[in-house]
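Protein chains in written order, with the numbering used here: chain R, 1 to 314; chain E, 1 to 218.
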């Protein structure tokens with residue numbers, strides 16, 4: 001652990017803390033504009049979160065310790081992943097800490113806690129949401145793991161920093177067919193994991209369709225604020241990881257302070273572009289029926305399998 | 001130069017398989033027809049680039065012929081059936097898509113792990129791509145046996161046949177144009193026969209429907 005890597009990790013954390021609500025605000029604004037509405041100001045999400053932090057926290061009488069634990073675990077698992085992933089710089093905090101499999105499973109701990117939070121108060125909606133979320137997760141997890149294997153074969157490492165540096169030194173790998181297939185599979189899975197529109201609509205509370213919102217329906221006050229913040233941070237983090245796997249240019253590799261500052265700006269641009277694309281997809285596409293979601297994820301799984309096999313052919 | 005041709009063959013063989021998988025994955029018939037068209041185009045390009053890399057005129061001709069017939073003529077014919085059949089826009093597979101996709105990963109996996117062990121396959125770089133042809137063939141056969149409607153059956157047949165053509169392009173250094181043309185015309189004939197059949201069934205069912213309507217009116 002050097003001074004540089006420590007500063008990098010801290011900067012990544014601050015960057016994501018600042019950008020996650022901002023990205024949500026930008027996406028809401030863009031979506032409103034695409035629908036010919038004026039929409040909220042882009043900083044509205046910050047005010048919403050501040051308001052939630054000030055509100056009273058109510059918990060069900062049946063609630064166990066999980067209701068208290070879940071928001072904290074969600075936030076802390078996200079923070080751990082932010083600290084160890086190469087977002088602004090490939091300099092690692094600890095040696096070989098950014099292993100992709102570890103990152104996936106640390107993030108899964110957060111999802112699992114939210115599913116338990118849904119079951120905890122004993123309301124029917126919570127259980128419904130948790131069951132749906134775990135069904136989707138059990139299908140998206142294999143696809144995610146196989147696409148990680150596909151991405152890691154070229155770099156001969158599952159360490160995210162090593163993969164990003166290796167891709168930077170061999171830009172031709174980025175457009176190889178296996179890599180494109182794996183990224184496509186990864187994108188589908190990320191939409192499922194983050195609960196975005198082809199899989200789940202975060203803007204609705206209709207009991208027929210909601211998944212994520214059903215699980216956090218009983219949360220309020222600080223709990224809800226932490227869960228919302230954690231959700232925004234996870235989405236931002238996943239987008240940045242995909243951006244760095246697919247287009248790593250601009251990230252710092254030489255422990256250079258100026259490059260680190262530049263990298264923050266470039267990451268913000270990448271994030272805005274990706275966020276706009278996601279918004280475009282959400283405006284133009286309808287949400288899939290719940291029973292069609294497994295088809296989408298099974299398709300992602302097959303693409304990932306194809307990516308792994310074509311890695312061995314090439 | 002040879003490596004350039006090989007990477008082109010590699011890319012478009014992969015496209016052939018991906019298009020076959022998309023045809024199995026999607027439910028929208030229009031999307032399926034477009035993916036079959038792209039499938040044929042990619043197959044034609046494989047034949048063309050293989051022909052150029054081996055300086056084999058027959059293979060180049062076969063590639064161009066595949067491109068025109070399977071990339072353009074077949075999709076137009078299927079679109080005509082689709083337009084005449086009207087109404088239904090989605091396919092109804094007998095086995096649900098999620099299970100089909102999981103089987104597909106087996107169809108891809110099994111050829112890759114078994115064909116490499118066959119003693120007769122030469123160790124040219126192209127022979128490494130032969131499992132893609134076998135996987136395409138299996139996906140086509142799977143579509144053929146799990147779909148009821150006539151358009152899906154034609155699609156399955158074309159993908160099945162394209163898998164065989166892909167293996168031929170990769171493994172045998174070029175089919176004579178006449179053989180390739182004859183085989184493709186066979187498939188063309190089947191497509192036309194099925195088209196006539198589709199129209200007949202359509203008119204029969206239409207009549208039956210009309211009779212029922214009359215009875216209701218009476």
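Note that the Cβ used here is the ideal one computed from N, Cα and C, for glycine as well.
Check: With 7 Å set as the bound, which would you pick, yes or no: does the beta-carbon of residue 241 (chain R) sit closer than that to a beta-carbon of chain E?
Finding: no
Next item on the list: Determine the DSSP secondary structure at residue 10 (chain E), reduced to helix, strand or coil.
Entry: helix
Next item on the list: Note down, in chain order, each residue of its chain lying with its Cβ closer than 6 Å to the Cβ of residue 128 (chain R), except the 5 sequence neighbours on either side.
Entry: 214
Check: Is the CB of residue 295 (chain R) under 7 Å away from at least one CB in chain E?
Finding: yes
Next item on the list: Tell whether a beta-carbon distance below 7 Å holds between residue 253 (chain R) and residue 90 (chain R).
Entry: yes
Item checked: Cβ neighbour criterion (16 or more within 10 Å) applied to residue 270 (chain R) -> buried
Margin query: Using a Cβ-based criterion (distance less than 6 Å to any ligand heavy atom), does residue 163 (chain R) qualify as near the ligand MG?
Written below: Of the ligands one can find in the structure shown there are none, so the ligand MG has no counterpart to examine.
Check: Under 7 Å between C-beta atoms, does residue 112 (chain E) make it to chain R?
Finding: yes
Check: What's the C-alpha gap between residue 194 (chain E) and residue 158 (chain E)?
Finding: 12 Å
Next item on the list: Decide if residue 301 (chain R) is buried, meaning its Cβ has at least 16 other Cβ atoms within 10 Å, or exposed.
Entry: buried
Checklist line | Below-7 Å beta-carbon distance, residue 210 (chain E) vs any chain R residue | finding: Reliability fails at residue 210 (chain E), whose pLDDT of 38 lies under 50, so the model's placement of it is uncertain and no value is given.
Checklist line | Cβ contact (3+ pairs, closer than 8 Å) linking the region 255-266 of chain R and the region 95-106 of chain R | finding: no
Next item on the list: Could you tell me if residue 38 (chain R) is buried or exposed, where buried requires 16 or more neighbouring beta carbons within 10 angstroms of its beta carbon?
Entry: exposed
Next item on the list: Verify the CB distance criterion: does residue 136 (chain E) have a CB-CB separation below 7 Å to chain R?
Entry: no
Check: If you measure beta-carbon to beta-carbon, which residues of the region 51-72 of chain E are closer than 8 Å to chain R?
Finding: none
Next item on the list: Indicate whether the contact test is met: 3 or more Cβ pairs, each with one atom in the region 136-153 of chain R and one in the region 179-190 of chain R, closer than 8 Å.
Entry: yes
Next item on the list: Could you check the C-alpha separation between residue 139 (chain E) and residue 74 (chain R) for me, to the nearest Å?
Entry: 42 Å
Checklist line | Where residue 217 (chain E) falls: helix, strand or coil (DSSP) | finding: Note on residue 217 (chain E): pLDDT 46, under 50, position unreliable in the model; the coordinate value appears next. Helix.
Item checked: Sequence ranges, beta strand (DSSP E) only - wholly within the region 68-100 of chain E, length at least 3 -> none
Next item on the list: In the DSSP assignment, find the unbroken alpha helix (DSSP H) run with residue 154 (chain R) in it and report its ends.
Entry: 124-155
Margin query: Within 7 Å of any Cβ in chain R, is that where the Cβ of residue 8 (chain E) sits?
Written below: no
Margin query: Quick check on the DSSP output: the alpha helix (DSSP H) that includes residue 24 (chain R) runs from which residue to which?
Written below: 3-34
Next item on the list: Compare the Cα-Cα distances from residue 402 (chain R) to each of R:61, R:107, R:266, R:156 and report the closest residue.
Entry: Summary: the structure shown does not reach residue 402 (chain R), with chain R confined to residues 1 through 314, and so no result is reported for it.
Note to self: Measuring straight from C-alpha to C-alpha, what distance separates residue 8 (chain R) and residue 32 (chain E)?
What the structure shows: 48 Å
Next item on the list: Spell out whether any CB of chain R is found under 7 Å from the CB atom of residue 106 (chain E).
Entry: no
Item checked: Straight-line gap, residue 42 (chain R) to residue 216 (chain R) (C-alpha atoms, nearest Å) -> 24 Å
Checklist line | Nearest-angstrom Cα separation, counted from residue 155 (chain R) out to residue 162 (chain R) | finding: 7 Å
Margin query: Rounded to whole angstroms, what is the Cα-Cα separation between residue 6 (chain E) and residue 53 (chain E)?
Written below: 8 Å
Item checked: Segment contact, 8 Å Cβ cut-off, at least three pairs: the region 45-60 of chain R with the region 15-24 of chain R -> yes
Next item on the list: Can you pull the chain R residues whose beta carbon is under 9 Å from the beta carbon of residue 129 (chain E), in chain order?
Entry: 313
Next item on the list: Taking residue 156 (chain E) as the query, report the chain R residues whose CB atoms sit under 8 Å from its CB, ordered along the chain.
Entry: Result: empty, since nearest Cβ-Cβ is about 17 Å, beyond 8 Å.
Checklist line | Classification of residue 16 (chain E) by the beta-carbon crowding that lies within 10 angstroms, buried from 16 upward | finding: buried
Next item on the list: Using a threshold of 7 Å, state whether the C-beta atoms of residue 107 (chain R) and residue 108 (chain E) are closer than that.
Entry: no
Next item on the list: Please list the partners that residue 14 (chain E) has in chain R, where partner means a Cβ-to-Cβ separation under 9 Å.
Entry: 177, 178, 181, 306, 310, 313
Checklist line | Listed by chain order, chain R residues near residue 102 (chain E) by CB distance under 9 Å | finding: 298, 301, 302
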